[in-house]
Amino acid sequence: MVLSDRHGWSRQPLAGLRVALCLVPLIALIVLEGKPRPPRPAHVTLPHLVVQYAMWPAMAVITFFWASLPALHAQWRLASGRGLVYLVAEKGRRHNPGALGLPPATERVAPLLDAVGQDRP
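Residues in the sequence shown are numbered from 853 upward in steps of one, following this note's numbering.
1. Is it the case that the region 899-906 contacts the region 915-932, given that we only count it when at least three CB pairs across the two stretches are under 8 Å?
2. Let me know the secondary structure DSSP gives proline 888 once reduced to three states.
3. Measure the alpha-carbon distance for proline 893 versus proline 899 and round it to whole angstroms.
4. If you draw a straight line from the C-alpha of threonine 897 to the C-alpha of leucine 936, how long is it?
5. In the DSSP assignment, find the unbroken alpha helix (DSSP H) run with arginine 929 in it and report its ends.
6. Nearest-angstrom Cα distance between tryptophan 908 and alanine 926?
Printed below as a string of structure tokens:
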């Protein structure tokens, strides 16, 4: 599918040009990362070396799954009206939970969860 603007020229070659321009710094990073390395030790096999360099192009896929999908999920929840609830984990251990006079975190968050329609933990 070719996207065209109202003047009739395609934007697809521009997208390909952007991707090609992004490859230049990627290749530069790979070269600059490999230059200061000492000679390959005997215990590092060729397949292991290939995996070390395959990490660089794999960063795009990793970024998609670990950064973009959670953001997309959050946007989807907001757009569908379900809202976001962030539960802060308690740090450390309390020997006497009632010493501060505060209820446990799950009881403090329960009204918030009810307000957005989520099940309680």
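Beta carbons are placed, not taken as given, at the ideal position from N, Cα and C, and that holds for glycine.
This is what the structure gives:
1. no
2. Within the sequence shown, residue 888 is the residue found at index 36, counting from 1. Residue state, collapsed to three classes: coil.
3. For this step, residue 893 is matched to residue 41 along the sequence shown. For this step, residue 899 is matched to residue 47 along the sequence shown. Roughly 13 Å between the two C-alpha positions.
4. As a working mapping, residue 897 is identified with position 45 in the sequence shown. As a working mapping, residue 936 is identified with position 84 in the sequence shown. Per the coordinates, the alpha-carbon of threonine 897 lies some 47 Å from the alpha-carbon of leucine 936.
5. Indexing the sequence shown from 1 puts residue 929 at position 77. Taken as a continuous stretch (DSSP letters only), the alpha helix (DSSP H) holding arginine 929 covers 921-931.
6. As a first step, residue 908 must be located in the sequence shown, where it is residue number 56. As a first step, residue 926 must be located in the sequence shown, where it is residue number 74. Taking the straight line joining both Cα atoms gives about 27 Å.
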